[in-house]
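Engineer: This is the structure I have questions about; it appears just below.
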Amino acid sequence: DTAVSQTPKYLVTQMGNDKSIKCEQNLGHDTMYWYKQDSKKFLKIMFSYNNKELIINETVPNRFSPKSPDKAHLNLHINSLELGDSAVYFCASSHRRLAGEGQYFGPGTRLLVL
Amino acid sequence: AQTVTQSQPEMSVQEAETVTLSCTYDTSESDYYLFWYKQPPSRQMILVIRQEAYKQQNATENRFSVNFQKAAKSFSLKISDSQLGDAAMYFCAYLYSGGGADGLTFGKGTHLIIQP
Numbered sequence: 001d002t003a004v005s006q007t008p009k010y011l012v013t014q015m016g017n018d019k020s021i022k023c024e025q026n027l028g029h030d031t032m033y034w035y036k037q038d039s040k041k042f043l044k045i046m047f048s049y050n051n052k053e054l055i056i057n058e059t060v061p062n063r064f065s066p067k068s069p070d071k072a073h074l075n076l077h078i079n080s081l082e083l084g085d086s087a088v089y090f091c092a093s094s095h096r097r098l099a100g101e102g103q104y105f106g107p108g109t110r111l112l113v114l
Numbered sequence: 115a116q117t118v119t120q121s122q123p124e125m126s127v128q129e130a131e132t133v134t135l136s137c138t139y140d141t142s143e144s145d146y147y148l149f150w151y152k153q154p155p156s157r158q159m160i161l162v163i164r165q166e167a168y169k170q171q172n173a174t175e176n177r178f179s180v181n182f183q184k185a186a187k188s189f190s191l192k193i194s195d196s197q198l199g200d201a202a203m204y205f206c207a208y209l210y211s212g213g214g215a216d217g218l219t220f221g222k223g224t225h226l227i228i229q230p
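As they're listed, the protein sequences go chains R and B. Heads up: the first sequence is residues 1 to 114, going by my numbering. Heads up: the second sequence is residues 115 to 230, going by my numbering.
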């Protein structure tokens, strides 16, 4: 059973398009995250949600809009895609009160903007 | 703001030998968590080991152990009896314990090569 799943795993699209990435976790966690891994493998937090409430919104362009319909799902919608958005996007989850147990990551979505 | 530094972009070790990956961090907090994550070519991020700053005892998980030096703000990962499957990028990460929904702060990673 997959703990944190993301769809799609690969996304190739043209500049200017709008795309969404979906994430689901079945770990019973109450907090979910989106991270971006750039071409140099550097990982940076973008957003975090706790019980469907936005907690962290790092300096991310407002073309990126996360949505959490419930505790088990966190989706990422990106408008007007730009070349610089090409990266791997990871969803992760954890229990807010058990943060020391670590965050569990999905398999990542490789986004390529042409 | 906290920072995490991994000074070794790449390390190479012979199969069955021991290797140590370095990590230093900077924080003004006294209570926090530290993690090592492994990212093999499959791209999956795998939690290898975790350490709570208030615990003096170094964490161990089978062939993986850490050397946590709080005063020096150092958190190195030792891999014993290296195996081919250990080949991956390894990331050190920090999390303030008071920020339960905070994002992890990652280092830039160390690429570990295992020589057969």
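We put the CB at the ideal spot given by N, CA and C, even for glycine. Keep in mind it's a predicted model, so treat the numbers as computed, not measured.
1) So residue 184 of chain B and residue 202 of chain B are supposed to be a Cβ contact under 8 Å. How far apart are they, rounded?
2) Under 8 Å, with one C-beta from each stretch per pair, do the stretch 162–178 of chain B and the stretch 52–68 of chain R reach the 3-pair mark?
3) Report the CB separation of residue 20 of chain R from residue 77 of chain R in whole angstroms; it is logged as a contact under 8 Å.
4) So does the stretch 7–18 of chain R actually touch the stretch 64–75 of chain R, counting three or more Cβ pairs closer than 8 Å?
5) Which runs of the beta strand (DSSP E) at least 3 residues long sit entirely within the stretch 39–99 of chain R? Give them in chain order.
6) Spell out whether any CB of chain R is found under 7 Å from the CB atom of residue 159 of chain B.
7) Taking 6 Å as the limit between beta carbons, can you name the residues of its chain near residue 110 of chain R, skipping five residues before and five after?
8) Buried or exposed: which applies to residue 99 of chain R, given that a residue is buried once 16 or more other Cβ atoms fall within 10 Å of its Cβ?
9) Just how far apart, CA to CA, sit residue 225 of chain B and residue 125 of chain B?
10) Are residue 217 of chain B and residue 33 of chain R touching if we call contact CB-CB under 7 Å?
11) Less than 8 Å between the CB atoms is what I'm expecting for residue 208 of chain B and residue 151 of chain B, so what's the real figure, rounded?
12) Is residue 216 of chain B helix, strand or coil when you go by DSSP?
13) I need the boundaries of the beta strand (DSSP E) containing residue 124 of chain B, first residue and last residue.
14) For residue 3 of chain R, which residues in the same chain have their Cβ closer than 7 Å to its Cβ, ignoring the five residues on either side in sequence?
15) Using only the alpha-carbon positions, how far apart do residue 189 of chain B and residue 44 of chain R sit?
16) Compare the C-beta of residue 166 of chain B against all C-beta atoms of chain R and say whether one is closer than 7 Å.
17) Could you list which residues in chain B have their beta carbon closer than 9 Å to that of residue 41 of chain R, in chain order?
18) By the three-class DSSP mapping on this structure, what secondary structure does residue 195 of chain B have?
19) Candidates B:117, B:163, B:128: which alpha carbon is nearest residue 143 of chain B's?
20) Just the C-alpha distance for residue 52 of chain R and residue 39 of chain R, rounded to the nearest angstrom, thanks.
21) Cα-Cα, which of R:16, R:55, R:13 is closest to residue 30 of chain R?
22) In chain B, which residues lie with their C-beta within 8 Å of the C-beta of residue 31 of chain R?
23) Between the beta-carbon of residue 161 of chain B and the beta-carbon of residue 102 of chain R, is there less than 7 Å?
Structural biologist: Taking the definition as stated:
1) In fact, because the Cβ distance is near 27 Å, the residues do not count as touching under 8 Å.
2) no
3) 5 Å
4) no
5) 43–50, 53–57, 64–70, 73–78, 87–94
6) yes
7) 10, 88
8) buried
9) 6 Å
10) yes
11) About 12 Å; that fails the 8 Å criterion.
12) coil
13) 124–128
14) 25, 26, 27, 104
15) 20 Å
16) yes
17) 153, 203, 205, 222, 223, 225
18) coil
19) B:117
20) 30 Å
21) R:55
22) 214, 215
23) yes
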